[in-house]
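Chains as they are written, first to last, in the working numbering: chain A, 1 to 265; chain B, 1 to 304. Beta carbons: idealized from backbone N, C-alpha and C, even for Gly. The structure appears right after this line, and notes come after that.
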Amino acid sequence: MTLTLDAPRIFQTKPLLSVDNVSKSYGAVHALRDVSAIAYPGEVLGIVGESGSGKSTLLRMMNLEEIPDKGRYTLDLPDVSGNLFDLDRFARRMLCATRIGIVYQNPHLGLLMKHSSSGNVAERLLVAGERSFATLRAKATTALEASEFPLERLDAPPIELSGGMQQRVQLAKAIALEPALLLLDEPTTGLDVSVQALVLDTLKRLQQDRQITMVIVSHDLGVIRTLADRVMVMRRGEVVEAGLADQIFQDPQHAYTQQLVHAKL
Amino acid sequence: MTLKTLTKPWEAMSYGFLDGSAKREMRRKMLKSVAVPGCQMPYASREVPMARGWGTGGLQVSLTLVNPETRVKVIDQGADDSVNAASIRRFIARVAGTPTTMDTLKADLIQSRHRIPEEVLSEDQILVLQVPNPEPLRPVQPNMSIARQMHADADYGRMWLQLYEQIVRSGRVMQGASYPSLVNGRHVMTPSPIPRWDVPKLHMAKHLTILSAGREKRIYAVPPFTRVEPLVFSDVPYKVEDHAKLTCHRSGATGFFMNEIPQDDGSSTHEVSDSEWGVKAIRVRDGEKVALGETWYKDGEMPQ
Ligand SMILES: Nc1ncnc2c1ncn2[C@@H]1O[C@H](COP(=O)(O)OP(=O)(O)OP(=O)(O)O)[C@@H](O)[C@H]1O
Ligand SMILES: [Mg+2]
Chain A
1 MTLTLDAPRI FQTKPLLSVD NVSKSYGAVH ALRDVSAIAY PGEVLGIVGE
51 SGSGKSTLLR MMNLEEIPDK GRYTLDLPDV SGNLFDLDRF ARRMLCATRI
101 GIVYQNPHLG LLMKHSSSGN VAERLLVAGE RSFATLRAKA TTALEASEFP
151 LERLDAPPIE LSGGMQQRVQ LAKAIALEPA LLLLDEPTTG LDVSVQALVL
201 DTLKRLQQDR QITMVIVSHD LGVIRTLADR VMVMRRGEVV EAGLADQIFQ
251 DPQHAYTQQL VHAKL
Chain B
1 MTLKTLTKPW EAMSYGFLDG SAKREMRRKM LKSVAVPGCQ MPYASREVPM
51 ARGWGTGGLQ VSLTLVNPET RVKVIDQGAD DSVNAASIRR FIARVAGTPT
101 TMDTLKADLI QSRHRIPEEV LSEDQILVLQ VPNPEPLRPV QPNMSIARQM
151 HADADYGRMW LQLYEQIVRS GRVMQGASYP SLVNGRHVMT PSPIPRWDVP
201 KLHMAKHLTI LSAGREKRIY AVPPFTRVEP LVFSDVPYKV EDHAKLTCHR
251 SGATGFFMNE IPQDDGSSTH EVSDSEWGVK AIRVRDGEKV ALGETWYKDG
301 EMPQ
């Protein structure tokens with residue numbers, strides 16, 4: 001009997017997301033310098049780094065809100081090909097609306113504060129072309145329920161909600177169209193520790209249930225450790241170290257990473 | 001040869017008040033707006049001897065389109081005899097020597113504020129609507145340059161969201177006049193403040209409609225046989241005003257758009273808003289022979 005061994009899964013699958021050698025300067029500030037990143041399907045990529053290291057900038061680029069000075073960005077999805085930075089505005093908007101979800105650190109960036117919470121989620125569906133009121137309502141409710149939003153506040157405007165609830169509305173909006181990629185920019189910063197734990201729980205459950213590929217940015221190593229499979233450490237617009245989460249946390253190579261890990265422990 | 005023979009005799013003003021270059025601008029922008037149905041075209045809006053906001057946009061279109069044979073009808077909220085309508089009609093007749101009429105069937109050009117006549121317009125008629133606010137996105141996007149980009153991208157999610165919010169808050173769509181409508185499946189326009197009752201009249205109509213906002217300097221058009229679809233959810237039907245069962249207390253006509261007239265005792269009676277249609281109904285009742293046109297609504301229903 002001959003035993004054939006398959007190559008490890010990681011060598012068989014192509015990364016869902018790959019960013020190659022992206023650079024961006026704002027005048028004299030080099031926000032990103034030759035940054036590359038990959039994330040495999042269903043995986044969580046964590047990005048840590050000090051304030052101003054370019055984490056949010058990178059995430060904005062992954063959401064195609066901003067175009068870098070140079071670099072490539074590809075998503076391995078049906079009907080999506082080529083360097084996404086080359087797409088025209090219209091194609092970019094459709095791709096973002098239907099395939100990518102984002103949760104911003106500041107809910108004001110992601111939500112219409114005076115519209116109803118369900119309306120905020122419904123907007124996504126409307127952009128994608130849903131025109132039945134009953135379906136909109138049902139799908140918005142489902143998404144809010146999945147992000148563990150209290151359904152009795154369904155039609156309350158986010159401005160009347162607590163920070164944790166606002167993040168849940170953002171999350172519901174981001175997952176409403178079942179995106180292939182979910183981007184999270186400091187989703188728990190500014191929440192108190194118990195609420196933070198609840199939101200993390202929700203994220204973890206979502207990740208397990210839906211197998212969404214996630215990129216999560218945080219300066220909090222604890223958050224990254226809880227969620228991420230793969231970690232990227234950034235400093236001053238450059239990637240100083242990248243690898244599997246266990247590897248980075250157990251055996252950091254770069255001096256800056258060692259400092260970070262030890263400071264945390 | 002003298003200079004005198006080469007120049008035109010002195011005139012107090014150009015034919016139709018507007019000078020040649022103003023009319024050329026209007027014509028070009030009208031052609032553009034017909035070419036891209038529902039798309040707002042900016043234009044150089046001229047001064048006319050009337051305050052902005054009183055129909056200067058519509059007036060400039062009318063003055064450009066008329067010739068001495070064009071029979072002109074002007075209505076304001078459905079009435080031919082309101083001060084504003086009468087003044088505009090008299091002005092056009094005076095500067096362009098056009099015949100005027102109140103009869104919808106006899107008019108070649110109808111300038112209107114807030115209404116479309118009840119009788120069906122034909123291929124050779126033009127409807128000019130006066131528009132105060134041409135931008136349907138204004139309530140959802142106060143920044144006009146972003147709004148223009150949204151039109152370019154056909155990015156109308158916010159427009160739909162507004163309807164969603166109205167249904168969530170009030171159980172129904174609250175938008176009354178100026179109901180946002182999709183033209184030719186591409187551009188959302190505001191059909192000027194005509195009531196919801198009148199919007200279906202624009203859909204696949206035989207006549208050309210030109211909408212012009214003089215203060216905002218925007219012109220757009222619905223060419224003949226163009227789809228005009230009010231934005232509605234597939235499961236929340238479009239509703240026109242509840243006027244189908246109302247009867248006009250003067251003419252006895254039923255099934256048309258009515259004006260409500262409050263009475264001393266707190267009740268109210270109604271009167272046909274299209275005044276000329278009311279007059280015709282009264283004359284028919286009194287036994288006169290009057291040519292009645294086909295109406296858009298039949299027994300208070302718009303046939304599909
Ligand atoms: N639109 C912009 N214009 C000018 N400079 C910018 C802009 N966006 C980002 N930067 C600069 O780029 C650098 C990286 O910013 P970025 O927001 O990506 O940092 P960050 O890692 O997210 O930091 P934080 O943890 O504080 O959120 C900073 O120096 C910032 O000042
Ligand atoms: Mg940031």
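Please confirm whether N133(B) and T56(B) have their CB atoms less than 8 Å apart. Locating residue 133(B) in the second sequence gives position 133, counting from the first residue. Locating residue 56(B) in the second sequence gives position 56, counting from the first residue. Contact: no.
Distance, Cα to Cα, Q211(A) vs K29(B)? Working through the first sequence from its first residue, we reach residue 211(A) at position 211. Working through the second sequence from its first residue, we reach residue 29(B) at position 29. Q211(A) and K29(B): Cα-Cα distance of roughly 53 Å.
Sort out for me which residues DSSP pairs T56(B) with in a bridge. Within the second sequence, residue 56(B) is the residue found at index 56, counting from 1. Answer is none; T56(B) lacks a bridge partner.
Residue-level contact to chain A via CB, G171(B), 8 Å cutoff: As a first step, residue 171(B) is located in the second sequence; it is residue number 171 there, counting from the start. Output row for G171(B): interface = no.
Please output, in chain order, the residues near ligand 1 using a CB cut-off of less than 6 Å to any non-hydrogen atom of the ligand. Output, sorted by chain position: Y26(A), V29(A), A31(A), G49(A), S51(A), G52(A), S53(A), G54(A), K55(A), S56(A), T57(A), H219(A).
Under 7 Å by beta carbon: chain B residues contacting R266(A): Because chain A in this structure spans residues 1 to 265, residue 266(A) falls outside the shown range and cannot be described.
Per DSSP, what are the beta-bridge partners of N259(B) in this structure? For the purposes of this step, residue 259(B) is taken as residue 259 along the second sequence, with counting starting at 1. Beta-bridge pairing links N259(B) to E271(B).
Does chain B have any CB closer than 8 Å to the CB of E160(A)? For this step, residue 160(A) is matched to residue 160 along the first sequence. Nearest CB-CB separation between E160(A) and chain B: not below the 8 Å threshold.
Reduced DSSP category for L184(A) - H, G, I as helix; E, B as strand; rest coil: Stepping through the first sequence from its first residue, residue 184(A) is reached at position 184. Correct three-state label for L184(A): strand.
Proximal chain B residues relative to V127(A), where beta-carbon distance stays under 8 Å: On the first sequence, residue 127(A) is found 127 positions in, with the first residue counted as 1. Within 8 Å Cβ-Cβ: D155, G157.
Considering only the beta carbon of each residue, do I92(B) and T101(B) sit closer than 8 Å? Reading the second sequence from its first residue, position 92 is the one you call residue 92(B). Reading the second sequence from its first residue, position 101 is the one you call residue 101(B). Taking 8 Å as the cut-off, the Cβ atoms of I92(B) and T101(B) do not count as close.
Considering only heavy atoms of ligand 2, does any lie closer than 7 Å to the CB of D229(A)? If you number the first sequence from 1, residue 229(A) lands on position 229. Residue side-chain check: D229(A) keeps its Cβ at 7 Å or more from all non-hydrogen atoms of ligand 2.
So with Cβ pairs under 8 Å, would you call Y164(B) a contact of chain A? For the purposes of this step, residue 164(B) is taken as residue 164 along the second sequence, with counting starting at 1. So, interface residue.
Can you list, in chain order, the residues of its chain with a C-beta nearer than 6 Å to that of L184(A)? Leave out the 5 residues immediately preceding and following it. Reading the first sequence from its first residue, position 184 is the one you call residue 184(A). Answer for L184(A): V103, I216, listed in chain order.
Euclidean distance between Cα positions of T189(A) and G110(A): Here residue 189(A) refers to the residue found at position 189 of the first sequence. Here residue 110(A) refers to the residue found at position 110 of the first sequence. Straight-line Cα distance between these residues: approximately 15 Å.
Is the separation between the beta-carbon of V121(A) and that of A172(A) shorter than 8 Å? By 1-based counting over the first sequence, the position of residue 121(A) is 121. By 1-based counting over the first sequence, the position of residue 172(A) is 172. Result yes, Cβ atoms of V121(A) and A172(A) sit closer than 8 Å.
Can you give me the start and stop residues for the beta strand (DSSP E) that E241(A) sits inside? As a first step, residue 241(A) is located in the first sequence; it is residue number 241 there, counting from the start. Bounds of the beta strand (DSSP E) holding E241(A) are 238 to 244.
Give me the residue from S218(A), G163(A), E65(A) with the minimum Cα distance to V195(A). Stepping through the first sequence from its first residue, residue 195(A) is reached at position 195. Between V195(A) and the set S218(A), G163(A), E65(A), the nearest pair of CA atoms involves G163(A).
Cutting at 8 Å between CB atoms, please list the residues of its own chain near R250(B), excluding the five before and the five after it. Here residue 250(B) refers to the residue found at position 250 when the second sequence is read from its first residue. Correct list, in chain order: E271, V272, G278, I282.
Which residues, in order along the region 85 to 97 of chain A, keep a beta-carbon less than 7 Å from a beta-carbon of chain B? Flagged, chain order: R89, F90, R93.
What residues in the region 102 to 123 of chain A have a beta carbon less than 9 Å from any beta carbon of chain B? Within the region 102 to 123 of chain A, the residues whose Cβ lies closer than 9 Å to some Cβ of chain B are L112, H115, S116, S118, G119, N120, A122, E123, listed in chain order.
Alpha carbon to alpha carbon, how far is E66(A) from R60(A)? Locating residue 66(A) in the first sequence gives position 66, where the first residue counts as 1. Locating residue 60(A) in the first sequence gives position 60, where the first residue counts as 1. Straight across, the Cα-Cα distance linking E66(A) with R60(A) is about 6 Å.
Just the Cα atoms here: how many angstroms apart are R124(A) and T70(B)? Numbered from its first residue, the first sequence carries residue 124(A) at position 124. Numbered from its first residue, the second sequence carries residue 70(B) at position 70. Those two C-alpha atoms are separated by around 50 Å.
On the DSSP bridge assignment, give the partners of V74(B) in chain order. Along the second sequence, read from residue 1 onward, the residue named residue 74(B) stands at position 74. Per DSSP, Q111(B).
Going by C-alpha to C-alpha distance, which of A134(A), I159(A), D246(A), V169(A) sits closest to L151(A)? The residue labelled residue 151(A) in the question sits at position 151 within the first sequence. If we check each option's Cα against that of L151(A), V169(A) comes out closest.
How big is the Cα-Cα spacing for I334(B) and D76(A)? With chain B covering 1 to 304 only, the question about residue 334(B) has no answer from this structure.
Under 7 Å Cβ to Cβ from I116(B), same chain only, skipping five residues before and after it: list those, please. Sequence index remark: in the second sequence, residue 116(B) carries index 116 (1-based). Correct list, in chain order: L127, I194, D198, K201.
Any Cβ of chain B within less than 8 Å of the Cβ of A134(A)? By 1-based counting over the first sequence, the position of residue 134(A) is 134. The Cβ of A134(A) sits closer than 8 Å to at least one Cβ of chain B.
On a CA-only basis, which of P262(B), S14(B), M204(B), R158(B) is nearest E130(A)? Give me that one, please. Working through the first sequence from its first residue, we reach residue 130(A) at position 130. With distances taken between Cα atoms, E130(A) lies closest to R158(B).
is_contact[D34(A), chain B] using C-beta, thresh 8 Å: Here the question's residue 34(A) lines up with position 34 in the first sequence. Answer no: the Cβ-Cβ gap between D34(A) and chain B never drops below 8 Å.
A213(B) bridges to which residues according to DSSP? Translated into the one-based positions of the second sequence, residue 213(B) becomes position 213. Assignment of beta-bridge partners to A213(B) by DSSP yields R218(B).
Determine which residues of the region 167 to 193 of chain B have a Cβ less than 7 Å from any Cβ of chain A, and write them out in chain order. For the region 167 to 193 of chain B, the residues whose beta carbon sits under 7 Å from a beta carbon of chain A are, in order, I167, V168.
Tell me whether D76(A), by its Cβ, gets closer than 7 Å to a heavy atom of ligand 2. Taking the first sequence and counting its residues from 1, the one referred to as residue 76(A) is at position 76. For ligand 2, not one heavy atom lies less than 7 Å from the Cβ of D76(A).
Please state whether the Cβ-Cβ distance between D103(B) and D124(B) is less than 8 Å. Your numbering for residue 103(B) matches position 103 in the second sequence. Your numbering for residue 124(B) matches position 124 in the second sequence. No, the pair does not count as a contact, with Cβ atoms beyond the cut-off.
R70(A) - partner residues in DSSP beta bridges: Position 70 of the first sequence, counted from the first residue, corresponds to residue 70(A). It is Lys, not Arg, that sits at residue 70(A) in the sequence shown. In the DSSP secondary-structure assignment, K70(A) is bridged to S23(A).
Quick one: what's got a C-beta closer than 8 Å to P136(B)'s C-beta in the same chain, skipping five residues either side? Within the second sequence, residue 136(B) is the residue found at index 136, counting from 1. Sequence-distant Cβ neighbours of P136(B) in its own chain, meaning closer than 8 Å and more than five residues away, are M159, S178, P180, V188, M189, T190.
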